[in-house]
Amino acid sequence: MDGQAAKPLLVLLVAWASWPIFVGSLALEADRLHPVILLPGYGCSQLDARLTGEFDPASAAPSSCGGVLEGKKGWFRLWNNRTALQEDPALVPCYAELLRLVYDPAAGDYRNVPGVETRVVGFGATRGFGSDDPASKNGCMGKLVQALEAVGYREGENLFGAPYDFRYAPAPPGQANKEFSCFLSRLTALVEHASERNGDMPAILVTHSLGGINADAFLRRSPLAWRTRYVKHFVMASTGAGAGVFLLRFGSTSPPSPPTDPLSFANTTRSFASAFSALPSPKVACGFSGDEVARYVRRVLPVTLGFGAPAVPMTCVNGVGTPTPEALVYLDGDFGADPDEVVYGDGDGGVNIASMLALDLLIGADPVQDYFKSRLFRNTSHGGVISDGFALERLVSEVLEANRAII
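Mature numbering (1 follows the signal peptide of the UniProt record, and there is no 0) puts the sequence shown at residues -25 to -1, 1 to 382.
This is the structure we're talking about:
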C-alpha cells in the first residue's frame, strides 16, 4: 500500500507553527483532482417551507403566530433566514414552531408538523450551506470551499455539496426512515455523478461534525463493492466516536429573551431526531447504562452503537486544547434547567478528547479498515477546524494527500 504498513494507525498532534504551508505548494493539476463532496454540520443546510391546506394557523404556538403565518404563500426560506427574522422578530417563535418534528407512532417515523412541507435548498452545490448571516458562513464550510477552490477545485465540476435536513437522523435498518433514506439515495446518485463527470475517478467525502455521522451511516449501508468503486477517501472533521455531552443541553426550558434563533426553543430542538443521534455513546461515556439509554432512545441507540469502520480509506481531523464539557451535574433532577455544574476536560469545545481517541479503537482497530489516520490540531475549536487558517491549510493538505495516495 504505497509504503504504508498493512494497518497504519496514525495519531498526529500538530502544533500551530509546525507546518509552514502555502496554498501554491499544495495545488495539483485540476484534471488530477478527485471530485470532492462536502457534507456540512448541524444547522448548516438551508431549508425552504410551504404551508398546505392542512395547516391550521390557529393551532400554531404561540397564538400570535396565526396571523403572522397566514400570509405565507408558496415556498419561503425557513432556515436560515436571518434577514427576515431581524426585520420581524415576531417570526422567531413562529419559525421555531414550523421547524418542529413530530413522531408518528403509527408510521414509526418522524415527520413535519401537519400542514408544513419542507425541502433542502441546493442539493449538489455548496450554495446550499450556511445562511444570509455572514457570521455563520465560515462555520458552515464557507472558508473550506474557498480554500479548495484556491487549489484547483471548481463548483459543479469537481466540487459538490450534499446539504441535508439536519433535523432528521439515521434509524436502525428495518425501521421507517423516509427522509434519511431519501437523502442516502440522493447522495448515492451525487457520488456516482461526480465520479462519472471526472473520468470515473472515485470521490473524496469531506464532512464536518454531524455530517460525519451521516456519512459514516451512508458508507456502512452501501455495498462494499460500490464503496470500493466510488469512494477514494473519507475525511471526517470535528466528529468523535462517542459524540458530545454538550448535546444533552439542547434547548433550555426558557429561550433567551428576546429570542433571536428558532433553534433556541426547547420544544423545537428536542423534537428533532438528530438531537439524539450524537448523544454520548455507552462505548465511550460512563455514568449510564445501555439499558437506560435504550429506554429513551430505542430508535437511536442501535445507530450510535453501530458507528464504526466505513471500510474505505479514512482520515479523522479534530481540534484539541479547548475546554469541553465532560459531564453535567443536576442536583435537583430538573433536566430542563441549566445544570448546577459543568465538568470540563480537553477537546474542541463540543467533542471531548475521549470521544476522539475512541476513533482509533472503534474504527482504526477494526480488521475491515485497511487505512486509518487521526490528526489532532492544538488550540483549535470545533468550528476552527474548517475556518482557522492553519487548521484549514492542514485539512486541505489531507484532501490533496488523499488525491495522491495509492491505497
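Note that CB positions come from ideal geometry on N, CA and C, so glycine has one too.
**OP:** Can you grab the Cα-Cα spacing for the pair isoleucine 179 / cysteine 40, in whole Å?
**Re:** Isoleucine 179 and cysteine 40 have their C-alpha atoms roughly 44 angstroms apart.
**OP:** Work out the CA separation of leucine 119 and aspartate 363 for me, nearest whole Å.
**Re:** Approximately 10 angstroms between the Cα atoms of the pair.
**OP:** Indicate whether the contact test is met: 3 or more Cβ pairs, each with one atom in the region 355 to 369 and one in the region 188 to 208, closer than 8 angstroms.
**Re:** Here the region 355 to 369 does not lie against the region 188 to 208, with fewer than 3 beta-carbon pairs under 8 angstroms apart.
Original post:
Where does the unbroken alpha helix (DSSP H) through leucine 74 begin, and where does it stop?
Top reply: It spans 66 to 74 - the alpha helix (DSSP H) in which leucine 74 sits, taken as one unbroken run.
Original post:
Beta carbon of serine 349, beta carbon of leucine 334: below 8 angstroms?
Top reply: Yes, the pair counts as a contact, with Cβ atoms nearer than the cut-off.
Original post:
Where does proline 277 fall in DSSP's three states?
Top reply: Residue state, collapsed to three classes: helix.
**OP:** Find out if the Cβ-Cβ distance for the pair glutamate 130, alanine 100 is shorter than 8 angstroms.
**Re:** It is a contact, given that the beta carbons lie within the stated cut-off.
Original post:
If you check the beta carbons only, do glycine 83 and alanine 144 fall under 8 angstroms apart?
Top reply: Result no, Cβ atoms of glycine 83 and alanine 144 do not sit closer than 8 angstroms.
Subject >> glycine 99: first and last residue of the uninterrupted alpha helix (DSSP H) it sits in >> reply: Here glycine 99 belongs to no alpha helix (DSSP H), and DSSP marks it neither H nor E.
Original post:
I think leucine 303 touches proline 314, with their Cβ atoms under 8 angstroms apart; what is that distance to the nearest whole Å?
Top reply: A Cβ-Cβ distance of about 4 angstroms is found for the pair leucine 303 and proline 314, placing them in contact under the 8 angstroms criterion.
Subject >> For glycine 215 and aspartate 321, the rounded distance between their alpha carbons >> reply: Straight-line Cα distance between these residues: approximately 13 angstroms.
Subject >> serine 349 - containing alpha helix (DSSP H), residue span >> reply: It is not in any alpha helix (DSSP H) - serine 349 instead sits in the beta strand (DSSP E) that spans 347 to 353.
Subject >> Beta-carbon proximity list for glutamate 167, same chain, < 7 angstroms, skipping 5 on both sides >> reply: If we look at glutamate 167 and ignore the five residues flanking it on each side, its Cβ neighbours are Tyr205.
Original post:
Can you tell me the Cα-Cα spacing of residue 387 and proline 288, whole angstroms?
Top reply: The question about residue 387 has no answer, for the chain in this structure spans -25 to 382.
**OP:** In angstroms with no decimal places, state the Cα-to-Cα distance between serine 227 and leucine 332.
**Re:** Model confidence at serine 227 stands at a pLDDT of 45, short of 50, so the residue's coordinates are unreliable; what they give is reported in the following sentence. Approximately 30 angstroms between the Cα atoms of the pair.
**OP:** Return yes when the Cβ of asparagine 173 is within less than 8 angstroms of the Cβ of proline 64, no when it is not.
**Re:** No, Cβ-Cβ distance for proline 64 and asparagine 173 is not below 8 angstroms.
**OP:** Starting from glycine 117, trace the alpha helix (DSSP H) both ways and give me its first and last residue.
**Re:** Looking at the DSSP string, the run of the alpha helix (DSSP H) that includes glycine 117 is 117 to 125.
Subject >> glycine 136 in three-state terms, based on DSSP >> reply: Correct three-state label for glycine 136: strand.
Subject >> Cβ separation of alanine 24 and phenylalanine 51, assumed to be a contact under 8 angstroms, to the nearest whole Å >> reply: About 6 angstroms separates the Cβ atoms of alanine 24 and phenylalanine 51, confirming a contact at the 8 angstroms cut-off.
Original post:
So, are the CB atoms of arginine 142 and leucine 76 less than 8 angstroms apart?
Top reply: The answer is yes: Cβ separation under 8 angstroms.
Original post:
Nearest CA to the CA of phenylalanine 155: which residue from Thr27, Val95, Asp341, Val210?
Top reply: The shortest Cα separation from phenylalanine 155 among Thr27, Val95, Asp341, Val210 belongs to Val95.
**OP:** Assign glycine 114 to buried or exposed, taking buried as 16 or more other Cβ atoms, counted over all protein chains shown, within 10 Å of its Cβ.
**Re:** With 16 or more Cβ atoms within 10 Å of its Cβ, glycine 114 is classed as buried.
**OP:** Given a cut-off of 8 angstroms, decide if leucine 162 and alanine 200 are closer than it, judged by their beta-carbon atoms.
**Re:** No. Outside cutoff.
Subject >> histidine 168, DSSP secondary structure in three states >> reply: Correct three-state label for histidine 168: helix.
Original post:
Can you name, in chain order, every residue of its own chain whose Cβ lies under 8 angstroms from the Cβ of aspartate 266, other than the five neighbours on each side?
Top reply: Since pLDDT at aspartate 266 reaches only 45, below the 50 mark, its modelled position is unreliable, and no value is offered.
Subject >> Start and end residues, beta strand (DSSP E) containing tryptophan 50 >> reply: For tryptophan 50, no beta strand (DSSP E) encloses it, and the DSSP letter there is neither H nor E.
Original post:
Helix, strand or coil for methionine 176 per DSSP?
Top reply: Three-state result, methionine 176: coil.
**OP:** Just tell me which of Asp309, Ser330, Cys291, Pro300 has its CA closest to the CA of threonine 279.
**Re:** That would be Ser330, whose Cα lies nearest to the Cα of threonine 279.
**OP:** Take the Cβ of serine 197 as the centre, count every other Cβ of all protein chains shown within 10 Å, and call the residue buried at 16 or more, exposed below.
**Re:** With 16 or more other Cβ atoms within 10 Å, it is buried.
Original post:
Based on Cα-Cα distance, which residue from Asp31, Ile328, Pro298 lies nearest to valine 317?
Top reply: Nearest C-alpha to valine 317 among Asp31, Ile328, Pro298: Pro298.
Original post:
For aspartate 79, which option in Leu66, Phe209, Ser246, Ala377 has the closest C-alpha, if you only look at C-alpha atoms?
Top reply: For the residues Leu66, Phe209, Ser246, Ala377, the minimum Cα distance to aspartate 79 belongs to Ser246.
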